[in-house]
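Respectively, the protein sequence lines represent chains A and X. Using the numbering used here, read the first sequence as starting at 1 and increasing by one per residue. Using the numbering used here, read the second sequence as starting at 1 and increasing by one per residue. All C-beta atoms, glycine included, are put in the ideal place defined by N, C-alpha and C. See below for the structure under consideration.
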Amino acid sequence: AQKITQTQPGMFVQEKEAVTLDCTYDTSDQSYGLFWYKQPSSGEMIFLIYQGSYDEQNATEGRYSLNFQKARKSANLVISASQLGDSAMYFCAMREGGGSQGNLIFGKGTKLSVKP
Amino acid sequence: DSGVTQTPKHLITATGQRVTLRCSPRSGDLSVYWYQQSLDQGLQFLIQYYNGEERAKGNILERFSAQQFPDLHSELNLSSLELGDSALYFCASSAGATLADTQYFGPGTRLTVL
């Protein structure tokens, strides 16, 4: 079973509007972390935002916020006031707390296109 | 700029050859991770080192090996290369290996095997 599911392969949003990118996860660990990364066409992976499983408040970083619904196992990324530079692939990732592994498990990504 | 450097940026080689990818983590980061990104497999974790020691292994082929040196830079060695090894290889680093330690990615090395 997939640990991270991103159901939207591609999305369009009008410039200056808000957009939500969906992410659901599957883990039996109580402790885990959820991350979002942006990959522009140039290829680099840019860290956007982090949410810990025990964090009670939704994480926010500038125009990015994470809508964390623990019971539903979802961690959706909300981008407010979209800009043309937001056009990129967006990856949701999880890090599980059990064991000593620190690696990230990635979803397949959502390609966001911002229209002028 | 994440502070993680990777060289080379591009690498073109032939099947059966061996290559070495190099990574320098952010200053002060002890943990280094290698990931492979391909069209069919997506982003896959290969291996993790923490302060010079191997910490975790993912979907790393036996033909691949890595190490982290005392100065904390890391190298990923790929041998007996096959066409299917063509991919973008990322190195990432983090201060530690706890849940909240953010992994910062380097720009990647794009490997093309002909």
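May I have the straight-line CA-CA distance separating residue 79 of chain A from residue 112 of chain A, to the nearest angstrom? 11 angstroms
Sub-8 angstroms separation of residue 52 of chain X and residue 70 of chain X beta-carbons: yes
Listed by chain order, chain A residues near residue 90 of chain X by CB distance under 7 angstroms: 45
Taking the beta carbon of residue 107 of chain X as the centre, do at least 16 other beta carbons fall within 10 Å, making it buried, or is it exposed? With at least 16 other beta carbons inside 10 angstroms of its own, residue 107 of chain X counts as buried.
Can you check whether the C-beta of residue 10 of chain A is within less than 8 angstroms of a C-beta belonging to chain X? Not one chain X Cβ lies under 8 angstroms of residue 10 of chain A.
For residue 35 of chain X, tell me which candidate among X/15, X/29, X/74, X/99 has the shortest Cα-Cα distance. X/74
My understanding is that residue 84 of chain A touches residue 94 of chain A, with C-beta atoms under 8 angstroms, so please give their C-beta distance in whole angstroms. Not really, about 29 angstroms apart at Cβ, beyond 8 angstroms.
Counterpart residues of residue 69 of chain A in DSSP-defined beta bridges: A/74
Hey, residue 46 of chain A and residue 64 of chain A are a contact pair by Cβ (cut 8 angstroms); roughly how many whole angstroms apart? At roughly 11 angstroms, the Cβ-Cβ gap does not stay under 8 angstroms, so residue 46 of chain A and residue 64 of chain A are not in contact.
Select from the segment 19-47 of chain A all residues with a C-beta closer than 9 angstroms to any C-beta belonging to chain X, and list them in chain order. 31, 32, 33, 35, 37, 39, 42, 43, 44, 45, 46, 47
So, is the C-beta of residue 70 of chain A closer than 8 angstroms to a C-beta in chain X? no
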